[in-house]
Amino acid sequence: MNVDDIKVFEGDLDSAVPEGPIQQIWDDHRFNMKLVNPSNRRKYKVIVVGSGLAGGSAAASLGEMGYNVHCFFYQDSARRAHSVAAQGGINAAKNYRNDGDSIFRLFYDTVKGGDYRSREANVYRLAQVSNNIIDQCVAQGVPFAREYGGMLDNRSFGGAQVSRTFYARGQTGQQLLLGAYQALQRQAHAGTVTLYPRTEMLDLIVIDGRARGIVTRNMITGQIKSYLGDAVVLATGGYGNTYFLSTNAKGCNASAAWRAYKRGAYFANPCYVQIHPTCIPPSGEHQSKLTLMSESLRNDGRIWVPRQPGDRRPAAQIPEEERYYYLEEKYPSFGNLVPRDVASRNAKAVVDAGHGVGELQNGVYLDFSEAIGRLGKQVIKDRYGNLFDMYTSITGEDPYEVPMRIYPAVHYTMGGLWVDYNLQSSIPGLFVLGEANFSDHGANRLGASALMQGLADGYFVAPYTVGNYLARVGADTGDSAASAPEVAQAEAAVQEKIDKLMSINGKHSVTHFHRELGKVMWNGVGMARNDAGLREALQRIPEIRAEFWENVRVPGSAADLNQSLEMAGRVADFLELGELLALDALHRTESCGGHFREESQTEEGEAKRDDENFSYVAAWEYTGDGSTPNLHKEPLKFEYVKLTQRSYK
Amino acid sequence: MKLNLKIWRQPSQQAQGQLVDYQLDNVSEDSSFLEMLDLLNEQLIENGDEPVAFDHDCREGICGMCSLVINGVAHGQDREKIKQVTVCQLHMRNFSDGETIVIEPWRSAAFPVLKDLIVNRTAFDRIIQAGGYISVSTGSAADANALPIPKKKADVSMDAAACIGCGACVAACPNGSAMLFTSAKITHLGVLPQGETERYQRVVNMVAQMDKEGFGGCTNMGECEAVCPKEISLDFIARMNRDLISAAFRGISPTV
Ligand SMILES: Cc1cc2nc3c(=O)[nH]c(=O)nc-3n(C[C@H](O)[C@H](O)[C@H](O)COP(=O)(O)OP(=O)(O)OC[C@H]3O[C@@H](n4cnc5c(N)ncnc54)[C@H](O)[C@@H]3O)c2cc1C
Ligand code: FES
Numbered sequence: 003m004n005v006d007d008i009k010v011f012e013g014d015l016d017s018a019v020p021e022g023p024i025q026q027i028w029d030d031h032r033f034n035m036k037l038v039n040p041s042n043r044r045k046y047k048v049i050v051v052g053s054g055l056a057g058g059s060a061a062a063s064l065g066e067m068g069y070n071v072h073c074f075f076y077q078d079s080a081r082r083a084h085s086v087a088a089q090g091g092i093n094a095a096k097n098y099r100n101d102g103d104s105i106f107r108l109f110y111d112t113v114k115g116g117d118y119r120s121r122e123a124n125v126y127r128l129a130q131v132s133n134n135i136i137d138q139c140v141a142q143g144v145p146f147a148r149e150y151g152g153m154l155d156n157r158s159f160g161g162a163q164v165s166r167t168f169y170a171r172g173q174t175g176q177q178l179l180l181g182a183y184q185a186l187q188r189q190a191h192a193g194t195v196t197l198y199p200r201t202e203m204l205d206l207i208v209i210d211g212r213a214r215g216i217v218t219r220n221m222i223t224g225q226i227k228s229y230l231g232d233a234v235v236l237a238t239g240g241y242g243n244t245y246f247l248s249t250n251a252k253g254c255n256a257s258a259a260w261r262a263y264k265r266g267a268y269f270a271n272p273c274y275v276q277i278h279p280t281c282i283p284p285s286g287e288h289q290s291k292l293t294l295m296s297e298s299l300r301n302d303g304r305i306w307v308p309r310q311p312g313d314r315r316p317a318a319q320i321p322e323e324e325r326y327y328y329l330e331e332k333y334p335s336f337g338n339l340v341p342r343d344v345a346s347r348n349a350k351a352v353v354d355a356g357h358g359v360g361e362l363q364n365g366v367y368l369d370f371s372e373a374i375g376r377l378g379k380q381v382i383k384d385r386y387g388n389l390f391d392m393y394t395s396i397t398g399e400d401p402y403e404v405p406m407r408i409y410p411a412v413h414y415t416m417g418g419l420w421v422d423y424n425l426q427s428s429i430p431g432l433f434v435l436g437e438a439n440f441s442d443h444g445a446n447r448l449g450a451s452a453l454m455q456g457l458a459d460g461y462f463v464a465p466y467t468v469g470n471y472l473a474r475v476g477a478d479t480g481d482s483a484a485s486a487p488e489v490a491q492a493e494a495a496v497q498e499k500i501d502k503l504m505s506i507n508g509k510h511s512v513t514h515f516h517r518e519l520g521k522v523m524w525n526g527v528g529m530a531r532n533d534a535g536l537r538e539a540l541q542r543i544p545e546i547r548a549e550f551w552e553n554v555r556v557p558g559s560a561a562d563l564n565q566s567l568e569m570a571g572r573v574a575d576f577l578e579l580g581e582l583l584a585l586d587a588l589h590r591t592e593s594c595g596g597h598f599r600e601e602s603q604t605e606e607g608e609a610k611r612d613d614e615n616f617s618y619v620a621a622w623e624y625t626g627d628g629s630t631p632n633l634h635k636e637p638l639k640f641e642y643v644k645l646t647q648r649s650y651k
Numbered sequence: 006m007k008l009n010l011k012i013w014r015q016p017s018q019q020a021q022g023q024l025v026d027y028q029l030d031n032v033s034e035d036s037s038f039l040e041m042l043d044l045l046n047e048q049l050i051e052n053g054d055e056p057v058a059f060d061h062d063c064r065e066g067i068c069g070m071c072s073l074v075i076n077g078v079a080h081g082q083d084r085e086k087i088k089q090v091t092v093c094q095l096h097m098r099n100f101s102d103g104e105t106i107v108i109e110p111w112r113s114a115a116f117p118v119l120k121d122l123i124v125n126r127t128a129f130d131r132i133i134q135a136g137g138y139i140s141v142s143t144g145s146a147a148d149a150n151a152l153p154i155p156k157k158k159a160d161v162s163m164d165a166a167a168c169i170g171c172g173a174c175v176a177a178c179p180n181g182s183a184m185l186f187t188s189a190k191i192t193h194l195g196v197l198p199q200g201e202t203e204r205y206q207r208v209v210n211m212v213a214q215m216d217k218e219g220f221g222g223c224t225n226m227g228e229c230e231a232v233c234p235k236e237i238s239l240d241f242i243a244r245m246n247r248d249l250i251s252a253a254f255r256g257i258s259p260t261v
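Below is the structure:
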């Protein structure tokens with residue numbers, strides 16, 4: 003891949019945003035949609051891949067409407083999808099606090115927080131349906147935190163100036179997912195949804211230009227099998243694990259999205275990766291994943307490092323005047339609550355300058371001593387008890403006594419498959435939901451907005467837009483797709499790849515290559531990127547990939563439960579996606595949100611956008627293995643939110 | 006540190022299994038129990054052997070995927086026995102250099118072994134399918150604050166809803182009972198006003214399904230509560246039994 007060979011296409015991407023005032027278009031659009039007669043819905047088969055917030059809610063809702071839904075996921079139960087791990091909360095524009103919140107303000111904050119790289123119409127709709135989500139979840143029995151009077155409690159999250167975040171202790175994702183999971187199980191019982199646990203999607207079947215099915219591997223028996231339908235919905239999560247170490251679950255993967263890309267779905271903005279500032283730093287080479295410490299900790303913890311580089315005294319022995327509260331000093335009005343990307347970059351800067359703390363000098367302090375002094379230990383315990391316990395069991399240190407050590411880690415991917423206003427990809431009939439699409443967060447996602455987006459997509463957007471699509475194309479009741487040559491061809495391609503992986507029989511485990519890729523990604527395409535570093539990554543990644551295909555060892559049999567084989571397929575895809583990610587980062591010479599190009603910063607060292615040249619979505623089209631992909635630009639217009647340079651000073 | 010591991014190996018559901026000995030050196034005290042197994046597996050792979058299969062995903066103690074019996078205790082135990090955690094949160098500093106560690110899968114008739122340390126827990130999903138929900142379809146909800154819920158009730162509901170469905174309770178119970186799991190869901194939904202309408206049918210159906218799946222009865226041993234990483238309380242079982250009796254008085258019988 004070569005950045006100088008990119009072929010650019012402008013004006014050929016149709017975002018399908020209806021005309022009209024932004025407040026009105028979703029209602030109008032729904033009214034203009036074609037409906038499927040309820041008694042006919044059973045004839046339409048919808049394949050949903052993913053059972054997280056996005057997939058679970060979509061499958062359940064489509065099932066309730068009467069469609070014939072088939073839902074696939076790689077865990078043993080739909081309840082374990084990675085959405086379960088979200089801690090902090092979910093945003094909604096309810097304005098229950100009467101603090102000036104509104105749909106428009108949530109919309110405005112999301113566009114601004116995303117550094118003006120998202121599509122206004124999608125974000126507005128997200129803010130609109132956010133309120134329905136909370137209603138729906140409460141009705142399902144999601145035990146959100148409440149005040150003594152019995153009303154729902156809210157908190158301010160991630161630097162928002164209003165309290166719009168709903169939460170269920172430190173387990174919001176778990177509780178929302180259980181709501182969607184239970185709705186899904188209800189439909190499984192009713193017979194509208196069929197569940198396929200431990201089943202991995204390995205390819206997309208496209209017939210006559212329409213997405214018509216998927217090829218899967220049964221992870222217990224190894225059987226390769228296709229499933230056909232009238233539409234395919236992908237809700238398979240993000241690609242953060244490209245970096246090896248991230249806060250994602252070990253099984254999180256990009257394979258479904260990546261195989262769809264290789265079948266013609268455009269991949270948008272892959273370089274927009276969110277690096278979360280408050281994670282526990284790695285403790286050595288054995289590290290297999292990183293653990294997030296909820297952002298809410300920044301409400302009471304103060305971040306500092308020793309002013310003197312290389313100062314290795316224990317925290318307690320460093321006197322107050324020798325502590326460098328770098329966020330409070332640099333950003334007096336936001337202090338420790340600056341947005342994630344700003345907090346992360348500053349942590350990297352101080353650690354790179356030798357101020358790092360801990361055995362490996364790879365962290366910064368998050369100190370609660372002042373808050374404990376002011377509020378008492380019990381209050382802090384009530385607020386963060388679970389997180390403190392988790393920190394202790396991982397590090398063996400007690401944060402009530404010594405400051406926590408934190409460092410940024412890869413957390414969320416704003417990029418993903420390109421979708422239009424209907425959440426339909428560039429392949430008709432392929433809809434993409436949740437973290438797997440690119441749509442709502444621009445170049446940076448605000449805290450507590452991913453859960454909102456997943457459920458908005460799944461409960462309140464896709465069920466309508468998928469229905470509209472089905473009504474227009476009609477059901478394939480005779481299953482004509484089954485005999486199409488594309489089915490056998492896709493199955494054969496999957497089988498061939500598996501056979502290849504099994505036969506290499508090289509020297510190193512899959513993890514070995516994944517770790518290598520992770521180092522290149524983190525160093526070259528991490529928190530701060532520059533031309534030389536990106537070019538080096540673009541050279542290294544294909545080398546690691548070539549080495550992988552020559553020297554990986556996948557033991558055991560393909561006709562069996564084989565975790566090495568599962569990982570091998572996923573890592574093979576990360577080795578390709580990583581390259582596209584680096585290419586996208588290299589081509590975008592501006593800084594925006596989570597994408598920080600050292601060449602493009604303000605005098606104060608903040609990210610500097612280049613709206614003149616980069617106010618577009620970069621949607622990449624696959625053109626063959628190793629060959630430079632085509633770039634389709636979707637221009638971004640801002641009619642409702644005024645473009646400003648973000649400043650948190 | 007150096008460890009002697011005795012690990013259950015079983016090629017498939019049908020095959021016989023056995024404990025196999027492994028020696029592992031250079032284990033960091035800071036690594037988690039699963040990272041210790043990662044290290045073993047990398048060595049096995051590089052030596053041309055088959056790695057040990059075990060379930061895991063989030064490695065943050067919340068997905069409920071990890072499921073190992075360590076030295077006879079579901080999820081193992083930290084040295085000071087301060088707090089029960091999932092095995093992905095258990096760290097090697099709780100073990101000593103030279104220690105022998107026995108690692109086995111969940112054992113229960115309702116959770117057949119699929120391979121090595123991986124079991125099939127779909128029986129839990131079927132218990133939920135029998136009634137572990139509030140029947141409200143998308144789009145039909147009233148405003149979330151239309152129905153105030155006393156904080157105390159919401160808190161009890163949340164205590165019960167914290168269950169991660171890992172199945173340690175079943176693995177620890179001498180009868181292989183799933184009462185703790187089932188009662189947690191019944192309490193989560195049953196204490197809330199939204200869950201009241203279906204309260205008795207729910208308990209009857211879920212318990213019927215639980216019995217159908219081959220889980221044993223509860224004889225109040227309390228082993229389940231002792232290993233639960235989420236502190237799910239035995240009180241919920243008592244509550245479930247009271248609901249069952251009330252349902253019987255109302256003449257409600259299972260519909261699953
Ligand atoms: C530690 C952590 C904390 C977070 N906290 C917050 C928070 O407080 N607030 C917030 O808003 N957001 C938070 N996020 C982000 C948010 O949780 C996720 O973005 C969101 O839950 C993603 O949901 P999803 O449905 O798109 O995907 P996921 O929940 O990741 O689900 C993916 C689904 O796809 C399936 N799948 C994947 N690949 C395949 C395949 N090849 N074949 C078959 N099935 C497949 C999986 O089995 C799974 O069911 C957090 C994220 C992390 C990692
Ligand atoms: S791996 Fe998720 S709870 Fe242990």
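Chains as they are written, first to last, in my numbering: chain A, 3 to 651; chain B, 6 to 261.
Even glycine gets a Cβ: it sits at the ideal position worked out from N, Cα and C.
Use the C-beta contact count for residue i: other C-beta atoms within 10 angstroms, 16 or more gives buried, fewer gives exposed.
{"i": "residue 88 of chain A", "result": "buried"}
{"i": "residue 422 of chain A", "result": "buried"}
{"i": "residue 552 of chain A", "result": "exposed"}
{"i": "residue 245 of chain A", "result": "buried"}
{"i": "residue 202 of chain B", "result": "exposed"}
{"i": "residue 354 of chain A", "result": "exposed"}
Start and end of the alpha helix (DSSP H) containing residue i?
{"i": "residue 406 of chain A", "result": "Segment 406 to 415 is the beta strand (DSSP E) holding residue 406 of chain A; no alpha helix (DSSP H) there."}
{"i": "residue 465 of chain A", "result": "464 to 475"}
{"i": "residue 433 of chain A", "result": "Element bounds for residue 433 of chain A: not the alpha helix (DSSP H) but the beta strand (DSSP E), 432 to 434."}
Once DSSP output is grouped into helix, strand and coil, what is the label at residue i?
{"i": "residue 205 of chain B", "result": "helix"}
{"i": "residue 95 of chain B", "result": "coil"}
{"i": "residue 75 of chain A", "result": "coil"}
{"i": "residue 92 of chain A", "result": "strand"}
{"i": "residue 594 of chain A", "result": "strand"}
{"i": "residue 20 of chain B", "result": "coil"}
{"i": "residue 513 of chain A", "result": "helix"}
{"i": "residue 104 of chain A", "result": "coil"}
{"i": "residue 297 of chain A", "result": "helix"}
{"i": "residue 443 of chain A", "result": "coil"}
{"i": "residue 336 of chain A", "result": "coil"}
{"i": "residue 2 of chain A", "result": "Here chain A has residues from 3 to 651 only, and residue 2 of chain A is not among them."}
Report yes if the C-beta distance between residue i and residue j is below 9 Å; otherwise report no.
{"i": "residue 183 of chain B", "j": "residue 230 of chain B", "result": "no"}
{"i": "residue 130 of chain B", "j": "residue 80 of chain A", "result": "yes"}
{"i": "residue 163 of chain B", "j": "residue 193 of chain B", "result": "yes"}
{"i": "residue 68 of chain B", "j": "residue 138 of chain A", "result": "no"}
How would you write the range of the beta strand (DSSP E) that residue i sits in, first residue to last?
{"i": "residue 203 of chain A", "result": "201 to 209"}
{"i": "residue 12 of chain A", "result": "10 to 12"}
{"i": "residue 198 of chain A", "result": "195 to 198"}
{"i": "residue 621 of chain A", "result": "618 to 623"}
Proximal residues, the stretch 145 to 160 of chain A versus chain B, C-beta separation under 9 Å: 145, 146, 147, 148, 149, 150, 151, 152, 153, 154, 155
Report the residues of the stretch 197 to 221 of chain A with a CB closer than 9 Å to any CB of chain B, ordered along the chain. 197, 199, 200
Could you please tell me which residues of the stretch 147 to 164 of chain B, in chain order, have their CB closer than 7 Å to any CB of chain A? 147, 148, 149, 150, 153, 154, 155, 156, 159, 162, 163
The stretch 54 to 85 of chain B: positions lying closer than 8 Å to chain A by Cβ: 54, 55, 56, 58, 60, 61, 62, 63, 64, 65, 66, 67, 68, 69, 70, 83
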